[in-house]
Amino acid sequence: MIIHPLEKKIILASTLITVAFGVLLLYAAFQQKIDVPDCVPFSKEYLEPGIHKIDEKNYKAVVVSSMWQFAPQQMSVPTGSEVEFFITSKDVVHGFHIAPKNVNLMALYGQVVTYRTKFDKPGVYKIVCHEYCGVGHQSMLSEIIVNDPR
Ligand code: CUA
Numbered sequence: 003m004i005i006h007p008l009e010k011k012i013i014l015a016s017t018l019i020t021v022a023f024g025v026l027l028l029y030a031a032f033q034q035k036i037d038v039p040d041c042v043p044f045s046k047e048y049l050e051p052g053i054h055k056i057d058e059k060n061y062k063a064v065v066v067s068s069m070w071q072f073a074p075q076q077m078s079v080p081t082g083s084e085v086e087f088f089i090t091s092k093d094v095v096h097g098f099h100i101a102p103k104n105v106n107l108m109a110l111y112g113q114v115v116t117y118r119t120k121f122d123k124p125g126v127y128k129i130v131c132h133e134y135c136g137v138g139h140q141s142m143l144s145e146i147i148v149n150d151p152r
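If you read the sequence shown in the numbering used here, its first letter stands for residue 3, the second for the next number, and so on.
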C-alpha cells in the first residue's frame, strides 16, 4: 500500500491533536479540578423528576419530557408560591405550556430551559405539550395543583 507523504503528515497531525485533546481533558478534570460537562438530561437530578421545596415560598420543579409523557404528571404547591421550572427532554422536542399562566416553553434534548413564575390564584393548572412530537402528542399532559393554604 502506498501512502502519499502529505496523507502521512495529515494522519500524524490528526493523531497528535486527538491525543493532545485527551491529555488536556484529563489535565483539566484531574489537575485543575474543572468539571467536565456531561449530557445534562442524564445527570442524576433529571433521573428523579419532581417538585422540591426550597423554602416557604419557593419551589423547584424538575420536569423531564419524553414520548409521550411528562414526569412528574402532577405537582402541587400552596397559593402564593414561586416555582422555578427546570425542563428537559429525553428524546425529541416537546412543548411545555401552562395556559392560564401564559408560560410557553420548549423542552429540548441535551438542554435545560428554566423559567420562574408565581402562582397567586388557587386552582388546577393544566400543562400541555404544544409541540407536535408523534402519535401520542395529544395525550401528553401534566398539571400543577395550587392549593389554598387556609
Ligand atoms: Cu410532546 Cu407533543
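Note that CB positions come from ideal geometry on N, CA and C, so glycine has one too.
DSSP three-state label for residue i, please.
i	result
Q34	coil
Q140	helix
E47	helix
G52	strand
V148	strand
Q1	As shown, the chain starts at 3 and ends at 152. That puts residue 1 outside it, with no answer to give.
P124	coil
K62	strand
Taking the alpha helix (DSSP H) that residue i belongs to, which residues open and close that run?
i	result
I19	P7 to L28
Between residue i and residue j, which are expected to be in contact by the criterion C-beta below 8 Å, what is the C-beta distance as a whole number of angstroms?
i	j	result
Y127	P102	6 Å
Y117	F87	5 Å
T90	V114	5 Å
P74	S16	Not quite, the Cβ-Cβ distance comes to about 46 Å (not below 8 Å), so this is no contact.
Give the DSSP bridge partners of residue i, in chain order.
i	result
I100	V105 and I129
Y111	S91
I'd like the span of the beta strand (DSSP E) that includes residue i, first residue to last.
i	result
T119	V115 to F121
I89	S83 to S91
M69	Unbroken run through M69: none, as it is neither H nor E.
What do you reckon, is the C-beta of residue i under 8 Å from a heavy atom of the ligand ADP?
i	result
S144	With respect to small molecules bound, the structure shown includes the ligand CUA and not the ligand ADP.
Answer with yes or no whether the minimum CB distance from residue i to chain C is below 9 Å.
i	result
K11	In summary, chain C is missing from the structure at hand, where a single protein chain is found.
Contact between the stretch 61–72 and the stretch 95–115 is defined here as three or more beta-carbon pairs at a separation below 8 Å; is this criterion met? yes
Is it true that the stretch 76–85 meets the stretch 47–59, where meeting means three or more beta-carbon pairs spaced less than 8 Å apart? yes
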